[in-house]
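Peer 1:
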Amino acid sequence: MNFDDMPYKHYQSNDTPFATGFRMHDSAQLSHWLSLATKIAHQAGTILKKYWGNLQSIQEKDFPGDLVTEADKQSEQLIVNALQKKFTSHQILAEESGLFTTESEFIWVVDPLDGTTNYAHQYPMVAISIALLHQHIPLIGIVYNPLTEEFFSAAQGLGAYLNQKPIRVSNCTSLKDSLLATGFAYDRRETEDNNYAEFCRFTHLTQGVRRAGSAALDLAYVACGRLDGYWERGLKPWDMAAGTLLVQEAGGRASSYNLDPIDWSSGRILASNSFLHEKMSQELLFPTQFKKLRLN
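Everything in the sequence shown is counted per this note's numbering, starting at 6 for the first residue and increasing by one.
#1: Flag this pair as yes or no: are the beta carbons of GLU101 and ASP119 separated by less than 8 Å?
#2: By DSSP, does ILE172 sit in helix, in strand, or in coil?
#3: Please give me, in chain order, every unbroken run of the alpha helix (DSSP H) with length at least 4 that falls completely inside the stretch 27-102.
#4: Using the rule of at least 16 other Cβ atoms within 10 Å of the residue's Cβ for burial, across every protein chain shown, is ALA334 buried or exposed?
#5: When the distance is taken between beta carbons, is LEU250 closer than 8 Å to GLY146?
#6: Indicate whether the contact test is met: 3 or more Cβ pairs, each with one atom in the stretch 243-259 and one in the stretch 153-169, closer than 8 Å.
#7: For my contact list, VAL148 and ALA132 are in at a C-beta cut-off of 8 Å; report their separation, rounded to the angstrom.
#8: Look at the alpha carbon of GLY188 and the alpha carbon of LEU39, and state the distance between them as a whole number of angstroms.
#9: Short check: CB of SER109 to CB of HIS126, under 8 Å?
#10: Answer yes or no: do ALA49 and PRO117 have a C-beta to C-beta separation smaller than 8 Å?
#11: How would you write the range of the alpha helix (DSSP H) that TRP269 sits in, first residue to last?
#12: Considering only C-alpha positions, which residue in the set TRP243, TRP113 and SER270 is nearest to ALA87?
#13: What are the start and end residues of the beta strand (DSSP E) that includes ASP116?
#14: Since LEU137 sits in a beta bridge, which residues does DSSP pair it with?
#15: So what does DSSP say about ALA190, is it helix, strand or coil?
#16: Check whether the Cβ atoms of ASN200 and PHE280 lie closer than 8 Å to each other.
#17: Distance, Cα to Cα, LEU275 vs THR178?
#18: Looking at C-alpha atoms only, which residue of GLU75, GLU65 and GLY230 is the closest neighbour of ASN307?
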């Protein structure tokens, strides 16, 4: 069974657990689960610190630059084992191991090391990303960079935090004053839908577009106001699930490019401080002839 085959694939930032049967009076339960997941993330962080600059194995997966290391594998093993112990009935979707199915409608979505290429090059833009979804709606989100000790966390209806301090999205209202972020999928060499043209267009319309190499951190940076908006294609659920909740709980918006609810299987996300959301969507839907830019 694949994540894409499961029901309730769509999520919009104004969705609430009421629609899923999960009641907001369970906020104490969410807080408890977030506390448990926080401890697990910190434990996994010690593994990433251990292997920082000491990697013995770097392997390439399906595309050039799509790497996996022993740090990814050991971090994921620790997280999955701990989640299975603490949440015995819940499902788990992990980047390297795949889907561990149960009958539960709760699913933990795990990226043990977002930004593996950065990590392999000792470029410290990396994160552990852990999210809990109920019928594909995020309830808990953690994005943790153990190299900088920045710990972003959120729970549905309880706000978003950086190192236990509340965070909010920026108040930037115009693209010309904004700083955005994006990324480029591993298949960018094989497709015209490679985000190059969108990148060029936003570079001309804004104060700048950053490409840090970690979708989870990009979303966390939108949540805390360091970035005003972010878009990307070619993502997996584990890249964006936790960060999406961070943005929402910090007062921002997350959607598909055309403002429809997020379809986790589409790999596309648009996130912003909400003021720029429609403006960014309009530019992303610019006539397709502008987008036919391919670099060989």
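Beta carbons are placed, not taken as given, at the ideal position from N, Cα and C, and that holds for glycine.
Peer 2: From the atom records:
#1: Sequence index remark: in the sequence shown, residue 101 carries index 96 (1-based). Sequence index remark: in the sequence shown, residue 119 carries index 114 (1-based). GLU101 places its beta carbon 8 Å or farther from that of ASP119.
#2: On the sequence shown, position 167 is the one that residue 172 refers to. If DSSP states are grouped into helix, strand and coil, ILE172 belongs with coil.
#3: 32-56 and 75-91
#4: For the chain, the structure presents residues 6 to 301; residue 334 sits outside this window and is missing.
#5: Translated into the one-based positions of the sequence shown, residue 146 becomes position 141. Translated into the one-based positions of the sequence shown, residue 250 becomes position 245. Going by C-beta atoms, GLY146 is nearer than 8 Å to LEU250.
#6: yes
#7: For this step, residue 148 is matched to residue 143 along the sequence shown. For this step, residue 132 is matched to residue 127 along the sequence shown. So it is a contact: roughly 5 Å between Cβ atoms.
#8: Sequence index remark: in the sequence shown, residue 188 carries index 183 (1-based). Sequence index remark: in the sequence shown, residue 39 carries index 34 (1-based). Whole-angstrom Cα-Cα distance: 28 Å.
#9: Here residue 109 refers to the residue found at position 104 of the sequence shown. Here residue 126 refers to the residue found at position 121 of the sequence shown. The answer is no: Cβ separation not under 8 Å.
#10: Here residue 49 refers to the residue found at position 44 when the sequence shown is read from its first residue. Here residue 117 refers to the residue found at position 112 when the sequence shown is read from its first residue. Yes, these two residues count as a Cβ contact at 8 Å.
#11: Here the question's residue 269 lines up with position 264 in the sequence shown. Where TRP269 is concerned, there is no enclosing alpha helix (DSSP H), given that its DSSP letter is neither H nor E.
#12: As a position in the sequence shown, residue 87 is number 82, starting the count at 1. Answer by Cα proximity: TRP113.
#13: By 1-based counting over the sequence shown, the position of residue 116 is 111. Where ASP116 is concerned, the enclosing beta strand (DSSP E) stretches over 111-119.
#14: The residue you call residue 137 lines up with position 132 of the sequence shown. Partner(s): TRP113 and ILE145.
#15: On the sequence shown, residue 190 is found 185 positions in, with the first residue counted as 1. ALA190: coil per DSSP, three-state reduction.
#16: In the sequence shown, counting from the first residue as 1, residue 200 sits at position 195. In the sequence shown, counting from the first residue as 1, residue 280 sits at position 275. Going by C-beta atoms, ASN200 is not nearer than 8 Å to PHE280.
#17: Counted from its first residue, the sequence shown places residue 275 at position 270. Counted from its first residue, the sequence shown places residue 178 at position 173. Going from the Cα of LEU275 to the Cα of THR178 covers about 16 Å.
#18: As shown, the chain starts at 6 and ends at 301. That puts residue 307 outside it, with no answer to give.
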